[in-house]
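Presented below is the structure to which this report refers.
2 protein chains.
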Amino acid sequence: MSNLQKILSHAERQCHANGSRLTEKRKKVLSGLLQSDRALSAYELVDYCNKTYDETFAAMSVYRILEFLEQEQLVHKLNLANRYVACVHIACDHQHEVPQFLICTDCQRVKEFSISRSTLGSIKRQVEQARFQLVSEQIELNCLCGSCAAA
Amino acid sequence: MSNLQKILSHAERQCHANGSRLTEKRKKVLSGLLQSDRALSAYELVDYCNKTYDETFAAMSVYRILEFLEQEQLVHKLNLANRYVACVHIACDHQHEVPQFLICTDCQRVKEFSISRSTLGSIKRQVEQARFQLVSEQIELNCLCGSCAAA
DNA sequence: GTTGTTATGTTACAACATATCATTTCTAAA
DNA sequence: TTTAGAAATGATATGTTGTAACATAACAAC
Chain A
3 MSNLQKILSH AERQCHANGS RLTEKRKKVL SGLLQSDRAL SAYELVDYCN KTYDETFAAM
63 SVYRILEFLE QEQLVHKLNL ANRYVACVHI ACDHQHEVPQ FLICTDCQRV KEFSISRSTL
123 GSIKRQVEQA RFQLVSEQIE LNCLCGSCAA A
Chain B
3 MSNLQKILSH AERQCHANGS RLTEKRKKVL SGLLQSDRAL SAYELVDYCN KTYDETFAAM
63 SVYRILEFLE QEQLVHKLNL ANRYVACVHI ACDHQHEVPQ FLICTDCQRV KEFSISRSTL
123 GSIKRQVEQA RFQLVSEQIE LNCLCGSCAA A
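As you go down the protein sequences, you meet chains A and B in turn.
With the working numbering applied, the first sequence corresponds to residues 3 to 153, in that order.
With the working numbering applied, the second sequence corresponds to residues 3 to 153, in that order.
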């Protein structure tokens, strides 16, 4: 059983536990993200699926599927880049925290990481002082990855 | 002389000092942002200008003008919201730092602020550890403003 | 006044995203 | 095991955001 297969069936069990279904189409979209080393736009995924599988994936469907996968915490949407990545903790059993992302603006490679509790804490305090409320602790930063910075 | 007029002529002098020109159209787009209490999309500005002035503003022109105003640091582009705001320090003489933004996802009101040096410092260290480089210190956070949170 | 530069106009289209309603597939209860 | 309801997908249309490419106009400096 390939690593991809393992991840997919892990995801499937997890969906089942949540009372939802990881259908074939959803699996295929998720596979696309899992096999990519960078963030993909919805339309890139449409192209990928249409090429890889002999099936038609309408853009509309892919958006719906991405929304579902996001709810299931299998993928993350990067709002800064309008792109999607598979969650790096997809095969972990523990509940994971809200992630932060470093996004290479050149090649769309993404590093999912967690900033320290204390840093997050001080950001939250500063937001409170401004009398705003965080909608999400997801923070995205425009970066260059190591190889793009070197070039 | 109205406050708006003061800001505009201040901006004009500043552009002049930079060897660039704040043309009539640019002034009108900037006025639109200055008079709005929330972030506006390029197309909202197109509509605003076309209604307010008896002139045609093509979307293309507004995008170019916004790009110019951003270079001059008179406005900021919010990448998370695909919208623009006038810089709150537009009338200050001192050189200002890279700002951070709290964006209300409900009403698009924006709070421009600066997170503390120490918080920014620890974020930067954590980015370095991940072997990425920050492209910009501008950080944008999805929030609710006070009134939208209350509602 | 010509010339080079900057600004704007115009058209077309690429890329990203959602609304709406129809149809199919699945599931669970009768 | 049929069937009603829910969930998923299909299909079409349209809305929103942004850029490419080339033309013209305005201006400044020589």
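Yeah, the Cβ is synthetic: ideal placement off N, Cα and C, and Gly gets one too.
Beta-bridge pairing of residue i - partner residues as DSSP gives them
i	result
C145(B)	L136(A) and C106(B)
V77(A)	A88(A)
F115(B)	Q102(B)
Pair within 8 Å by beta-carbon distance, residue i and residue j
i	j	result
S138(B)	N84(A)	no
I117(B)	L82(B)	no
F115(A)	Q102(A)	yes
V77(B)	Y86(B)	yes
L47(A)	I9(A)	no
C89(A)	Q75(A)	yes
A44(A)	V64(A)	yes
Buried versus exposed call for residue i [16 or more other C-beta atoms within 10 Å across all chains shown]
i	result
V112(A)	buried
Q97(B)	exposed
K53(A)	exposed
K30(A)	buried
A153(A)	exposed
T121(A)	buried
S11(B)	exposed
C51(B)	buried
R119(A)	exposed
G21(A)	exposed
A13(A)	buried
G34(B)	buried
When the options are compared against residue i, the one with the closest alpha-carbon
i	options	result
D108(B)	C51(B), G148(B) and E26(B)	G148(B)
R23(A)	I67(A), I92(A) and F115(A)	I67(A)
Q16(B)	C51(B), L42(B), D49(B) and L71(B)	L71(B)
D49(A)	R40(A), A61(A), K27(A) and D39(A)	A61(A)
N5(A)	S43(A), I92(A) and E142(A)	I92(A)
R133(A)	E69(B), L42(B), L146(B) and L32(B)	L146(B)
A151(B)	L80(B), Q110(B), I141(B) and D56(B)	Q110(B)
L80(B)	D95(B), Q7(B) and E142(B)	E142(B)
E69(A)	Q131(A), S38(A), Q7(A) and R28(A)	R28(A)
T58(B)	S124(B), D39(B) and E26(B)	E26(B)
L32(A)	D56(A), H18(A), Q7(A) and A19(A)	Q7(A)
A19(A)	M3(A), D95(A), S38(A) and E130(A)	D95(A)
Q140(A)	E130(A), K126(A) and Q131(A)	K126(A)
Proximity test, residue i beta-carbon vs the ligand SAM heavy atom, cut-off 7 Å
i	result
G21(A)	As far as ligands go, the structure on display features none, and thus does not contain the ligand SAM.
Fully enclosed by the region 40 to 66 of chain A, which alpha helix (DSSP H) runs are 4 residues long or longer? 44 to 54
Runs of alpha helix (DSSP H) lying entirely within the region 7 to 41 of chain B, each at least 4 residues, in chain order: 26 to 36
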